[in-house]
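Residue numbers (the working numbering), protein chains in the order written: chain A, 11 to 301; chain B, 11 to 407; chain C, 90 to 417; chain D, 43 to 291. The beta-carbon is built from N, C-alpha and C at its ideal position, and this holds for glycine as well.
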Amino acid sequence: MDDFLVSLVSIAFHGAAYGMVLYVISVGLSVTMGLMGFANLAHGVFAMAGGYVMISAMSSLGLPYPVALLVAFIAIAVVSLVLEMLLYSRLYGAGELDQVLFTIGLIFISVALARLAYGTLQQPVMLPDYLRGQFSMLGRDFPAFRVFLIAVSAVIVAGLWFGVERTSWGAMLRAAVDNRGMAQSVGINTRRLFMVTFAAGSGLAGLGGALGAEIIAIQPIYPFANLAYFLIVVSVGGMGTLRGPFVAALLIGITDTACKYWLPEFGAFLIYATTVGILLWRPAGLFGRTN
Amino acid sequence: MKSIRTLLTLLMAGAIGLFHAQAFAQTIKIGVINTYSGPNASLGDIMDKGMKLYMKQNEKRLPPGVKIELVIRDDGGANPDKAKQLAQELIVRDKVQILTGLIWTPNAAAIAPLATEAKLPVVIMNAGTSSITTMSPYFARVSFTLWQSSFPTGTWAAKKYKRAYIAVSDFGPGIDAENAFEKAFRDGGGEIVGKVRIPLANPDFVPFIQRAKDAKPEVLFAFIPAGPQATQIMKAYNDLGLAKSGVKFIGPGDLTPDDELPNMGDAPLGVYTVHHYSAASTRPANKSFIAAWKKEYGEKSTPSFMSVGAWDGMDAIYQLIIDQKGKIDGDQSMISLRGYKNANSPRGPISIDPLTRDIVQNEYLREVRKVGGKLANVEIETVATAIKDPWKEINKK
Amino acid sequence: MGNLHAGGYSANAALRWQESLPWLVAIAAFFLLPEFLNLGARILIFILFALSLDLIVGYAGIVTLGHAAFFGLGAYTAGILSARAGINDPLIQLVASGVTAGLLGVVTGAIILRTRGLALMMLTLAIGSICLEVANKASSLTGGADGLAGITIAPVLGQFRFDLYGKTSYLYCLAILFVCWWFVRRLVYSPFGASLAGIRENNLRMHAIGAPVYLRMLAVYAISAALAGFAGALLTQTSQFVGLNVVSFELSGEMLVMLILGGVGRIYGAFAGPAVYMIAQDQLAKQFPEYWYLGIGSLLVIVVLFAKGGVLGLVDRMVSRIGKGRRS
Amino acid sequence: MTIALETRNLRKQFGALTVADGIDFRLERGARHALIGPNGAGKTTFINLLTGGLRSNSGGIFLNGEEVTRLSQRARIRRGLGRTFQINTLFRSLTALDNVALAVAERRGVAWNLIGRANRHADVVSESRDLLTSLGLAQDADTRVSDLAYGKQRLVEIAIALGMKPSVLLLDEPAAGVPTMESRRILEVLDSLPQDLAILIIEHDMDLVFRFARQITVLSRGALLAEGTPDEISADHRVREVYLGERDV
């Protein structure tokens, strides 16, 4: 019984760390899809780029880890803003198929560029000493880095919720997700709202990619290899909400970890089966609005 | 219509390129199927360097007038169907006379029927599942088998530990490693307290290793393909503090490949592995090999066992060319390969078993230590001398 | 109406002379390029795969990210029949592959076609991933990550042995493709095909005119799955090996890309796409894998932004421009 | 006169909100009947209840004397219930002919033919062409509907419904968004429809309603408010109250 409890704690802990990273990466995608109705399969590109930016900032510029994380966030937000203005905005309202292809194209390009710039090797992350080793809690050892990960993600989540629930920008955002036409007619500048939201969401993905580089390895095929997971978080959680993807990401993180722990022979099977089940039960996701 | 014209033009261009290539009849064409893209492209790179280094060093060994041309193809990883297609094209279009490379077991398995049909000698530079050489009489292997390294690991471990946990990648070589270690460890009186097969495409090892830790073994035996995954699993081992809770980490040398060590931090210090090659070995042949490597590719670059597989593979190929004086025949080549011996490989004495066409070599126990501020696989003892593939020995009638 | 093969009641279904071109090229290639027949056979197989995908993406409007599931099941059915059951006749395998893939199409279609949009796309992805996991884990049957080896294929009709140079493979694939193409073409021009266009154009209205929309979609999904299953079987038979990659997400994605580059919803886009893509890949990608993906990616972005309709769309526009030039 | 469509005590609630409050309604064969009411009166809900898009909580719906309350949307359509949509619901990139032919083919049961050629189904093609001709769209048969003028698109909207040869036709604001000039054309078309067809029209354009309808039903807050001839309705003070009250505020 004690062993069982021990393993439960392990699974909850590692699952939470993984789920938090998934959430920070995917939440932007959820909002983009809900707000602009845009299926951005290339969202993982931002996460990967965030990882690379952090690694370069540390190894080439010698910046300390926390600063490098911040740089990743800002750099990706800025780059995505440019992309939004130049490319993405042309495709709002285009067909699903066009969006899928366009974003797959972006993935191909980014995979190739990443390989040219960094080679195919997985990039090692040089964590500062204070994040290495173990952290003792309740008589058990936890990897310090993952504790840090959960803590930082929790802060981001809190900040995000505050931003959306308590600020005027958040109110506009919620109004626009709810009914874009209505929001426009009451004088909200939806074009600017899109840009800011897109940049913030992508920046978060970059930050998530950088934070999670130890869990989801930064390598050129990153956007492809993890696409299914990001999309599952969004579609299971429901688009255009903050809460949905959060629950979904934790659910997936913990299920995935539990499967690997207890039922490794099933692999990712249960994750996908759960996804199928949930989407059949609620096609718009757990917290999505059926339209 | 335009598209069809373009298509025809492209087809023609291809055909012309082909005639062009046939003009150099004196040249021996060697097809290389290797991995240059995908997550494991680093493996292809380090093998490629091994081959080219050998060719540069040994240009003069070839019979007069004979030239070698490598026809290099990228399989993009464990991609059997692609490998088969590439092999087919190499044989039919490029008319290669020898085929080599082959990092991945599935890829090697996929081309076996082709090799047999075309009577094409294939020198396997890496793929390590025991059964591969039984798949075609035109296969010869210069690399290793997982049984070769994991079986002695089990024998050695059983003398020191009683409880072991096994974690391997879920594909041919991993299952070989598991079976070999388990048999040797059990035969030596040890107990397996648990085992897990990890999917080959896997982003995060932590849950698997946590499970291993919770099973409280004395020793954790692991095999994953040498490459980025080795670093990943080492990180998980370190993050979860297995060393601190007294779990030893051991495995075949794929766990601590020489070229990945610099990415691993201090995590692998004290990890024991058994393998046929370490870049840190002090054999004279290896010292000169390392020196040549560093001179060619820079101080920072380190060869791995895969580079040596490629280097020795080229040596075997040169030998068969020399034996036949530049006129390559499939069956003659195999006779030459069956008798291949090199007392002075960077990894020590090696030969090819005439019966099984598989590699015979020494296996060394190594510990990861700091040498001159850098991690290295330091060879401690030779745990098996001139060992043949144990799987084939056990399964012999 | 730029779209040549939209079908419908006002469409002229008679064969046009241009439609013989792919077949003439294919036959010419057989005689002129004997060393490229293996590549040729693969192109033909992927054309068949693209054709099956075009049926549901282009004609029924279902965007799928998991079509490789059916291709893979077809490939594994043929492989398992040979390697595990000793049934080596290619035509029997082909039929069996089509049937199993079609059945999987019915079962999974019955589940996923209740949804639309993003949920549908996710479900195709999830089901594709489940198939990959099953293929990976059922290694006693499929060989898992090592792939399924030990496949022998008997001569076609007891006469034509599969040879190293791919002559038999090529002609065999060409024959099967021809039959499937004929069927697809008839389908597109049939009342059923017209009703698919209706579903794609306006699902709600199809319901309102009393069409059994769900059953129609299910039917075309199953037909498409069966065709993909045929293509999978052909791949197994010509390569005598099945690897996990036949069920992979990457294959689904790459196929979609080939189809779109060719031009979606127009039958011959499925011919042009894989042919151009694979020949270009054969010539260019070996030397420069990085630049290859850079090129393909850029091309995709350009096609979506500026060249709707892919290669054939461009051809259409050029032809109509030339036509206009002549007239004026 | 026979009754084509009837509802008895039809009731629908969304939680606490009652959107159909025991509606008793009759549509006679050959009727030219209009359903009017202020925004939010429950007109579209009523239509959706009739077609089966929504399920009623209680009450019954009868189509040509047969109870269809529990039948699916599709089953009701097959029993002769046709409708058009307030917002164009067309097959936009198909020709006008194909738009109509799809409906005709469904009715004739040929749409499951997988192999035969669509254009060889002469019965379907000629019927569709005739239908378009009767609506004055003969010239436009082979034009993509998205390329047609809006007024003509509204006509195709009706033509599709007629392709089903319904016995009851529900027209949901057929002239919505159409400029006055063209709405006259729509009225002409409506006048020319077969005499035995029962038509229920929902419309905001009161001109059109009063010119077309022989019978008017007024709906307010999910309940029947008044029913009668145009003259009766225009004289009804309750109707004026509801309308004027709503409109002037």
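Top-ranked residue by Cα proximity to residue i, from the options
i: Ser-20/A; options: Val-162/A, Arg-156/A, Ala-278/A and Val-121/A; result: Arg-156/A
i: Lys-384/B; options: Thr-144/B, Pro-147/B and Leu-279/B; result: Leu-279/B
i: Ser-313/C; options: Ile-169/C, Ile-181/C, Leu-170/C and Tyr-148/C; result: Tyr-148/C
i: Ala-222/B; options: Lys-105/B, Leu-252/B, Pro-116/B and Leu-210/B; result: Leu-252/B
i: Leu-113/C; options: Ala-190/C, Leu-263/C, Met-344/C and Ala-369/C; result: Leu-263/C
i: Arg-213/D; options: Asn-90/D, Thr-87/D and Thr-126/D; result: For clarity, residue 213/D is Leu in the given sequence; the question names Arg instead. For the residues Asn-90/D, Thr-87/D and Thr-126/D, the minimum Cα distance to Leu-213/D belongs to Thr-126/D.
i: Lys-205/B; options: Leu-330/B, Asp-214/B, Phe-191/B and Asp-197/B; result: Phe-191/B
i: Met-182/A; options: Leu-221/A, Val-167/A, Thr-200/A and Leu-73/A; result: Thr-200/A
i: Pro-233/A; options: Ala-97/B, Pro-49/B and Gly-60/B; result: Pro-49/B
i: Asn-352/B; options: Asp-322/B, Pro-364/B, Gln-342/B and Leu-375/B; result: Asp-322/B
i: Pro-183/B; options: Phe-233/B, Lys-169/B and Phe-315/B; result: Phe-233/B
i: Ala-223/A; options: Gly-191/A, Leu-260/A and Leu-137/A; result: Leu-137/A
Unbroken alpha helix (DSSP H) run spanning residue i, endpoints
i: His-296/C; result: 292-297
i: His-53/A; result: 53-69
i: Glu-358/D; result: No answer is possible for residue 358/D: it lies beyond the span of chain D, which begins at 43 and ends at 291.
i: Ala-158/C; result: 157-174
For residue i, the three-state DSSP class (helix, strand or coil)
i: Pro-400/B; result: helix
i: Ile-362/B; result: strand
i: Arg-256/D; result: coil
i: Val-76/B; result: coil
i: Gly-182/B; result: helix
i: Asp-108/A; result: helix
i: Arg-68/D; result: strand
i: Met-90/C; result: Bear in mind that the predicted position of Met-90/C carries a pLDDT of just 34, short of 50, making it unreliable; the figure below should be weighed with that in mind. Residue state, collapsed to three classes: coil.
i: Thr-292/B; result: coil
i: Asp-214/D; result: strand
i: Ser-168/D; result: helix
i: Leu-296/A; result: coil
i: Arg-289/D; result: A caution first: Arg-289/D carries a pLDDT of 47, below 50, which makes its placement in the model unreliable, though a value can still be read off. Three-state result, Arg-289/D: helix.
i: Lys-384/B; result: strand
i: Phe-152/A; result: strand
8 Å Cβ cutoff met for residue i and residue j
i: Met-145/B; j: Gly-111/B; result: no
i: Met-306/C; j: Ala-139/C; result: no
i: Ile-244/D; j: Lys-85/D; result: yes
i: Val-408/C; j: Ile-356/C; result: no
i: Glu-148/D; j: Gly-299/C; result: yes
i: Gly-6/B; j: Thr-115/B; result: The requested residue 6/B does not occur in the structure, where chain B is confined to residues 11 to 407.
Terminal residues of the beta strand (DSSP E) in which residue i lies
i: Glu-373/B; result: 369-381
i: Thr-110/B; result: 108-111
i: Pro-262/B; result: 258-262
i: Gly-101/D; result: 100-105
i: Asp-233/D; result: First-last for Asp-233/D: 222-233, but that is the alpha helix (DSSP H), not the beta strand (DSSP E).
i: Phe-56/D; result: 45-56
i: Val-277/C; result: Run containing Val-277/C: none in the beta strand (DSSP E); it sits in the alpha helix (DSSP H), 256-278.
i: Lys-205/B; result: 201-208
i: Ala-103/C; result: It is not in any beta strand (DSSP E) - Ala-103/C carries neither H nor E in the DSSP assignment.
i: Lys-351/B; result: 351-355
Neighbour list for residue i in chain C, Cβ cutoff strictly below 7 Å
i: Pro-123/B; result: Gln-329
Proximal chain A residues relative to residue i, where beta-carbon distance stays under 7 Å
i: Ser-141/C; result: Those do not exist, as Ser-141/C stays about 16 Å from chain A at its closest Cβ, beyond 7 Å.
i: Ser-218/C; result: Ala-238, Ala-278 and Tyr-282
Chain-ordered chain C contacts of residue i [CB-CB under 9 Å]
i: Gly-115/A; result: Val-346, Ile-385, Gly-386, Ser-387, Leu-388, Leu-389, Val-390, Ile-391, Val-392 and Val-393
Within chain B, partners of residue i - CB distance below 8 Å
i: Val-31/A; result: Correct list: empty, because the minimum Cβ distance to chain B is about 10 Å.
Partner residues on chain B for residue i, Cβ-Cβ distance less than 7 Å
i: Asn-334/C; result: Asn-89 and Asp-91
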